[in-house]
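If you want this note's numbering, it's the 1-based position in the sequence shown plus 1.
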Amino acid sequence: MRKFAALWLAAMILAVVVGGCSGKADGPKGQEMLRARSARPSGAKKVLLLVADSLMYQSIDLGVRSNQLPTFKYLIENGQYFKDVVSAFPTMSVTIDSTIVTGAQPDRHRIPGLAWYSAEERRVVNYGTGPMEVLRTGAAQVLDDLLIHLNGKHLNAELRTIYEDLAARGLKSGSVNGLIYRGKTDHALTLPAAVRLPLGKPRTLGIKGPDLFTFGLLSNPLDGMKEVPDGIANKLGFSDDYAIETVQYLVENDRLPDFLYVYLPDLDQRLHQKGPSDQEGLRRLDGRLRKLLRAFGSEEEAKKRATIILAGDSGMSQIHRAGSQPVVDLTELLRDYAILPPGRTATDREQIALAVNETAAYVYSLNSGPFLDELAERLHAEPRIGIVAWKENDWIRVKRGGVSGELKFKKQGDWTDPYGQTWSWQGSPEALDMKTERKRITFGDYPDALQRLFSSLHSHPGKFLVVTSLPGYELSGAGSPTHIGGGGHGSLHRLESVVPLIIYGTDSAPNVHRLVDLKSYILGLFPDRASPSVR
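Structure follows, in structure tokens:
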């Protein structure tokens with residue numbers, strides 16, 4: 002019983018780390034702070050990228066109109082504000098962060114979602130979708146996947162992250178609590194006793210990251226220099242307060258690297274519980290942004306010293322209340338097949354595997370399992386299912402709930418979408434709410450749908466379907482967390498896929514409004530080479 006309690010605590014801690022999409026460090030980190038300090042002249046502007054999980058333009062606009070968000074209002078009126086930026090798919094933080102940091106879609110960076118099936122290892126990889134799934138998968142396995150394999154093995158080693166690109170230019174970079182952090186510099190994660198003892202893990206894990214690296218309590222470079230909120234009440238440092246106070250210290254002590262990525266998880270955690278119409282989390286974020294700006298001395302001084310980019314990573318849709326049967330149980334829909342249990346390695350017996358990502362899921366056909374079109378028909382018959390898509394030779398087939406007909410499409414052809422990508426297609430464009438006229442494709446409820454579905458279906462080996470729920474519903478598997486009456490994301494729908502972008506401190510604007518293009522925009526804000534150190 003005692004061991005179970007310890008494992009439960011470990012699972013809860015892991016869930017905290019990844020929920021916005023979860024020992025003290027060894028000694029003072031003065032050397033790390035000096036190593037990360039920019040080598041450019043003191044007047045050279047820094048770039049801060051703040052990613053607020055589940056930040057939505059609809060909520061910002063409402064709060065600004067009602068005079069509840071003075072900092073957002075100031076940034077919008079004195080900067081640039083875009084409300085049509087398209088996220089990655091599935092709209093889950095780990096996939097989106099990989100897309101931002103690599104500047105590539107999942108077919109290239111190879112992180113398909115928070116949960117996915119590895120054909121090589123014959124198991125479902127789960128980075129921590131929820132406490133019950135952590136326990137069923139095995140807390141030790143989730144810990145290894147999250148802290149070791151995600152950046153060190155699963156993320157495509159042939160793609161350079163923004164941290165690696167900046168290092169090649171002689172520029173300094175940092176990450177505050179970002180899940181995707183691979184860089185050139187050696188760091189250590191220090192595991193709390195509550196995690197390492199029941200799981201039999203070493204006290205420290207070596208990782209590669211940017212010059213400055215914080216990961217909550219597991220890696221705190223301010224240890225011995227500043228007290229930051231990293232206790233249990235502040236989610237072991239995986240909180241907005243920890244992140245903002247860390248940045249405040251760097252600003253006030255002139256320790257900012259040339260580029261700093263800052264992940265802000267609190268809004269997402271609140272909206273999952275309260276639903277996307279809740280404004281309290283956004284008001285709290287507004288206050289934290291004000292603190293950050295004033296760390297520079299004033300808003301105008303912040304504009305002189307830094308370019309500040311604030312982005313959402315995904316939207317969120319309102320999940321219906323219990324009486325509307327909002328949870329689509331995939332294990333029940335597919336009960337006629339032998340389903341791979343969580344935490345198990347597939348054998349010849351299992352026919353399918355499920356990897357649920359809230360309002361999206363992967364459904365895999367294993368061994369001599371069912372044909373994909375058979376599975377697709379079964380799922381498409383459920384009225385709460387939205388999109389069902391799968392590969393068939395060079396083509397991708399798509400069905401949508403409530404729409405007759407089917408769309409088939411493939412890369413390259415005579416038809417061009419708003420992002421300059423070309424396609425061939427057959428059948429019913431209504432399956433993806435597309436308009437097709439004069440060799441031009443425009444998107445409705447599913448922005449950049451062709452590329453995002455193509456990318457997801459080519460993100461990892463295997464025979465599988467991509468499935469999403471209709472807005473208002475979410476998918477579940479064995480132990481998947483649900484958000485009845487709250488908010489959910491994961492799907493291809495614009496409610497969960499279109500995010501805001503606010504840029505303060507430069508007139509330079511991104512040419513393309515997608516998160517995948519943000520990396521190239523940020524790199525363009527820097528010179529090709531860093532200036533030599535001023536001594």
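The beta-carbon is built from N, C-alpha and C at its ideal position, and this holds for glycine as well.
Since we're looking at a predicted model, the values are computed, not measured.
Comparing alpha-carbon positions, which option in G171, L190 and Q106 lies nearest L147? For the purposes of this step, residue 147 is identified with residue 146 of the sequence shown, where counting begins at 1. Checking every option, the nearest Cα to that of L147 belongs to L190.
Report the residue ranges of all beta strand (DSSP E) runs contained in full by the segment 106-180; include only those spanning at least 3 residues, in chain order. Here the runs fully enclosed are 116-119, 124-127 and 174-177.
What does the Cβ neighbour count give for V517, buried or exposed, with the cut at 16 atoms within 10 Å? Looking up residue 517 in the sequence shown gives position 516. By the 10 Å Cβ count, V517 comes out buried.
Proximal residues to K25 (C-beta, below 8 Å), its chain only, five neighbours per side dropped: As a working mapping, residue 25 is identified with position 24 in the sequence shown. For K25, the pLDDT reaches just 47, beneath the cut-off of 50, and the residue's location in the model is therefore unreliable, leaving the point undetermined.
Mind checking whether S94 and D54 have CB atoms under 7 Å apart? In the sequence shown, counting from the first residue as 1, residue 94 sits at position 93. In the sequence shown, counting from the first residue as 1, residue 54 sits at position 53. Against a cut-off of 7 Å, the Cβ pair of D54 and S94 comes out as a contact.
May I ask which residues mark the beginning and end of the beta strand (DSSP E) holding R398? Within the sequence shown, residue 398 is the residue found at index 397, counting from 1. Element bounds for R398: W396 to R401.
Euclidean distance between Cα positions of D500 and R515: Residue 500 sits at position 499 when you count from the first residue of the sequence shown. Residue 515 sits at position 514 when you count from the first residue of the sequence shown. Note on identity: in this sequence residue 500 is Val, with Asp being the wrong assignment. Each residue's alpha carbon lies about 9 Å from the other.
How many Å lie between P71 and D415 at the Cα? The count along the sequence shown starts at 1 and reaches residue 71 at position 70. The count along the sequence shown starts at 1 and reaches residue 415 at position 414. Computed Cα separation, rounded: 47 Å.
Rounding to the nearest angstrom, what Cα-Cα distance links R183 and I97 in this structure? Taking the sequence shown and counting its residues from 1, the one referred to as residue 183 is at position 182. Taking the sequence shown and counting its residues from 1, the one referred to as residue 97 is at position 96. The straight-line gap from Cα to Cα measures roughly 15 Å.
How should R439 be labelled, buried or exposed, when 16 other C-beta atoms within 10 angstroms of its C-beta is the threshold for buried? Counting from one through the sequence shown, the residue named residue 439 turns up at place 438. So R439 counts as exposed.
Between G139 and D287, what straight-line distance do the alpha-carbon atoms span, to the nearest angstrom? For the purposes of this step, residue 139 is taken as residue 138 along the sequence shown, with counting starting at 1. For the purposes of this step, residue 287 is taken as residue 286 along the sequence shown, with counting starting at 1. Looking at the two C-alpha atoms, the distance is approximately 38 Å.
Give the straight-line distance between the Cα atoms of F372 and D85, rounded to the nearest whole angstrom. To locate residue 372, count along the sequence shown from 1; it is residue 371. To locate residue 85, count along the sequence shown from 1; it is residue 84. Computed Cα separation, rounded: 38 Å.
Straight-line CA distance for W396 to G428? The residue labelled residue 396 in the question sits at position 395 within the sequence shown. The residue labelled residue 428 in the question sits at position 427 within the sequence shown. Looking at the two C-alpha atoms, the distance is approximately 12 Å.
Does the segment 483-490 come within contact of the segment 320-331, defined as at least 3 CB pairs closer than 8 Å? yes
Please state whether the Cβ-Cβ distance between L261 and G179 is less than 7 Å. As a position in the sequence shown, residue 261 is number 260, starting the count at 1. As a position in the sequence shown, residue 179 is number 178, starting the count at 1. Not a contact, by the Cβ cut-off of 7 Å.
Hey, out of T247, A37, R111 and A105, whose CA is closest to K154's CA? For this step, residue 154 is matched to residue 153 along the sequence shown. Comparing Cα positions, the closest option is R111.
Complete beta strand (DSSP E) runs within the segment 183-233 (minimum length 3 residues, chain order): Segments of the beta strand (DSSP E) lying fully in the segment 183-233: 186-191, 205-210 and 213-215.
E475 - partner residues in DSSP beta bridges: Position 474 of the sequence shown, counting from 1, holds the residue named residue 475. Bridge pairing for E475: V328 [DSSP].
What separation, rounded to the nearest whole angstrom, lies between the Cα atoms of R345 and L433? Numbered from 1 along the sequence shown, position 344 holds the residue referred to as residue 345. Numbered from 1 along the sequence shown, position 432 holds the residue referred to as residue 433. About 35 Å.
DSSP bridge partner residues for L265 (one or two, in chain order): In the sequence shown, residue 265 corresponds to position 264, counting from 1. Residue pairing of L265 in beta bridges, as defined by DSSP: A53.
Can you have a look at L331 and say buried or exposed, based on whether 16 or more other CB atoms are within 10 angstroms of its CB? Here residue 331 corresponds to residue number 330 of the sequence shown, with the count starting at 1. It is buried - the Cβ of L331 has at least 16 other Cβ atoms within 10 Å.
Answer yes or no: do R289 and D241 have a C-beta to C-beta separation smaller than 7 Å? Within the sequence shown, numbered from 1, the residue matching residue 289 stands at position 288. Within the sequence shown, numbered from 1, the residue matching residue 241 stands at position 240. The answer is yes: Cβ separation under 7 Å.
Given 8 Å, three or more beta-carbon pairs between the segment 457-465 and the segment 384-396: yes
Among L257, G207 and Q270, which residue has its Cα nearest to the Cα of L235? The residue given as residue 235 occupies position 234 in the sequence shown. For the record, residue 235 in the displayed sequence is Asn; it is not Leu. Selected option, being the one with the closest Cα: Q270.
Excluding five sequence neighbours on each side, which residues of the same chain lie with their C-beta closer than 7 Å to the C-beta of S492? By 1-based counting over the sequence shown, the position of residue 492 is 491. So the qualifying residues of the chain are T92, T360, A361, G387, T469 and S470.
Within its chain, find whatever has a CB closer than 6 Å to the CB of G473; leave out the 5 residues flanking it on each side and keep chain order. Along the sequence shown, one-based indexing puts residue 473 at 472. For G473, where only same-chain residues beyond five positions count, the Cβ hits under 6 Å are H321.
Y522, DSSP secondary structure in three states: The sequence position of residue 522 within the sequence shown is 521, counting from 1. Looking at Y522 - three-state DSSP - the assignment turns out to be helix.
Out of Q81, V196, E383 and D418, point me to the one whose CA is closest to V404's CA. Your numbering for residue 404 matches position 403 in the sequence shown. Comparing Cα positions, the closest option is E383.
N79 lies in the alpha helix (DSSP H); which residues open and close that run? The residue labelled residue 79 in the question sits at position 78 within the sequence shown. Run containing N79: P71 to N79, per the alpha helix (DSSP H) assignment.
So what does K412 bridge to, in DSSP terms? Taking the first residue of the sequence shown as position 1, residue 412 is located at position 411. Beta-bridge pairing by DSSP links K412 to W424.
Distance between beta carbons of A356 and V125, contact taken as under 8 Å: One-based indexing of the sequence shown puts residue 125 at position 124. One-based indexing of the sequence shown puts residue 356 at position 355. That pair is a contact at about 5 Å.
For P482, which three-state DSSP category applies? In the sequence shown, counting from the first residue as 1, residue 482 sits at position 481. Here P482 sits in coil by DSSP.
Closer than 8 Å is the cut-off here; do at least three beta carbon pairs connect the segment 246-265 with the segment 195-206? no
DSSP three-state call for Q319: helix, strand or coil? One-based indexing of the sequence shown puts residue 319 at position 318. In this structure, Q319 counts as strand in the three-state DSSP scheme.
Reference G44, options A307, S278, Q274 and D337, closest by Cα: As a working note, residue 44 is residue 43 in the sequence shown. Minimum Cα distance to G44 is reached at A307.
Between V102 and the rest of its own chain, which residues show a CB-CB distance below 6 Å, the 5 nearest in sequence each way excluded? The residue you call residue 102 lines up with position 101 of the sequence shown. T162, I163 and I181, listed in sequence order.
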